[in-house]
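Enquirer: Sending over a structure as structure tokens; questions will come in a sec.
Protein chains: 2
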Amino acid sequence: MQKEIITEEQQKAARYAKAMGHPIRMYVLELLSKQSCCYSGDLTEDLPIVKSTLSQHLKELKDAGLIQGEIEAPRVKYCLNRENWKEAQDLFRKFLKMDSEEPIPKCQ
Amino acid sequence: MQKEIITEEQQKAARYAKAMGHPIRMYVLELLSKQSCCYSGDLTEDLPIVKSTLSQHLKELKDAGLIQGEIEAPRVKYCLNRENWKEAQDLFRKFLKMDSEEPIPKCQ
DNA sequence: TTCGTAGTTCGTAAAATTACGAACAAAGTA
DNA sequence: TACTTTGTTCGTAATTTTACGAACTACGAA
Numbered sequence: 047m048q049k050e051i052i053t054e055e056q057q058k059a060a061r062y063a064k065a066m067g068h069p070i071r072m073y074v075l076e077l078l079s080k081q082s083c084c085y086s087g088d089l090t091e092d093l094p095i096v097k098s099t100l101s102q103h104l105k106e107l108k109d110a111g112l113i114q115g116e117i118e119a120p121r122v123k124y125c126l127n128r129e130n131w132k133e134a135q136d137l138f139r140k141f142l143k144m145d146s147e148e149p150i151p152k153c154q
Numbered sequence: 047m048q049k050e051i052i053t054e055e056q057q058k059a060a061r062y063a064k065a066m067g068h069p070i071r072m073y074v075l076e077l078l079s080k081q082s083c084c085y086s087g088d089l090t091e092d093l094p095i096v097k098s099t100l101s102q103h104l105k106e107l108k109d110a111g112l113i114q115g116e117i118e119a120p121r122v123k124y125c126l127n128r129e130n131w132k133e134a135q136d137l138f139r140k141f142l143k144m145d146s147e148e149p150i151p152k153c154q
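These protein sequence lines are chains Y and E, in that order. Here the first sequence is numbered in this note's numbering, starting from 47 and rising by one per residue. Here the second sequence is numbered in this note's numbering, starting from 47 and rising by one per residue.
Now the structure itself:
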């Protein structure tokens, strides 16, 4: 009957997952995982949302620690936050047992 | 200037990530990934939320396809939905480049 | 200095999420 | 047939999320 048993790692993983939990943000993350960096303006051209909304999504990703922005006036260059990206990878590996050969125990 | 370029896979991955985006749900998923199944009642005892709230979270996970419930009156036994769990693993592997040796391309 | 470009911030509105307790449903037990 | 146990559903409220356009900021270019 103990409470508050949710670990720090579960909190972190949930935080990252939440940031990834939107198609637009998933799109941006996948893009950055393969092309090193991108500019906000290029994204707006491709995505079906206005720039202020995109800015909000990028802020979400920034606040979650998954990406970082760098001013290159007059534009802003975004790339992954490599350190936290790695942490997210590790957490998901652990939670999803992604690197394990053993199957999830069967029901019963 | 094309729009609507978000892929079906990105949608799916975002859907799974969203379901994982809460500490309670992450807790349940991790538990089920290592102990095959659990009963709702046992969870309520451990978690700092009332049963109706837990029921809602379990419904979220069910709706996202990550778990499934089976009635074992008067209780309900939950376990992972193995098929979708695997799909989620595969999607995350892809998006997070989890199985790749090559590093994320450097900025610049 | 004025103008244009690129993004962020603000104000706002609609919708979704999270949480609780009360009421309900299902099924085994006394 | 009641009663108990287990969980879901309903009603509600507070908060967060998502989205838009307008206004603003920063900075380079004319």
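We put the beta carbon where it would ideally sit given N, CA and C, even for glycine.
Leaving out five residues before and five after Y/L77 in sequence, what residues of the same chain have Cβ atoms less than 7 Å from its Cβ?
Expert: Once the five neighbours on either side are set aside, the close Cβ partners of Y/L77 are C84.
Enquirer: 9 Å is my cut-off, CB to CB: does E/Q102 come that close to chain Y?
Expert: no
Enquirer: Answer with buried or exposed for E/E106, where buried requires no fewer than 16 other C-beta atoms within 10 angstroms of its C-beta.
Expert: The residue is buried, with at least 16 neighbouring Cβ atoms inside 10 Å.
Enquirer: Straight-line CA distance for E/W131 to Y/E55?
Expert: 20 Å
Enquirer: Is it buried or exposed for Y/V74, if we count other Cβ within 10 angstroms and need 16 for buried?
Expert: buried
Enquirer: For chain E, is any of its Cβ atoms less than 9 Å away from the one on Y/A119?
Expert: no
Enquirer: The alpha helix (DSSP H) that contains E/K105, what's its start and end?
Expert: Note, E/K105: alpha helix (DSSP H), 97–109.
Enquirer: Roughly how many angstroms lie between the CA atoms of E/F138 and E/A59, to the nearest whole one?
Expert: 7 Å
Enquirer: Apart from the five residues just before and just after E/E118, which ones in its own chain have a Cβ nearer than 7 Å to its Cβ?
Expert: none
Enquirer: Cβ of Y/Y85 less than 9 Å from any chain E Cβ?
Expert: no
Enquirer: Report all residues from its chain with a CB closer than 8 Å to the CB of E/P120; omit the five preceding and five following residues, and keep chain order.
Expert: none
Enquirer: So the beta strand (DSSP E) E/I113 belongs to, where does it begin and stop?
Expert: 113–118
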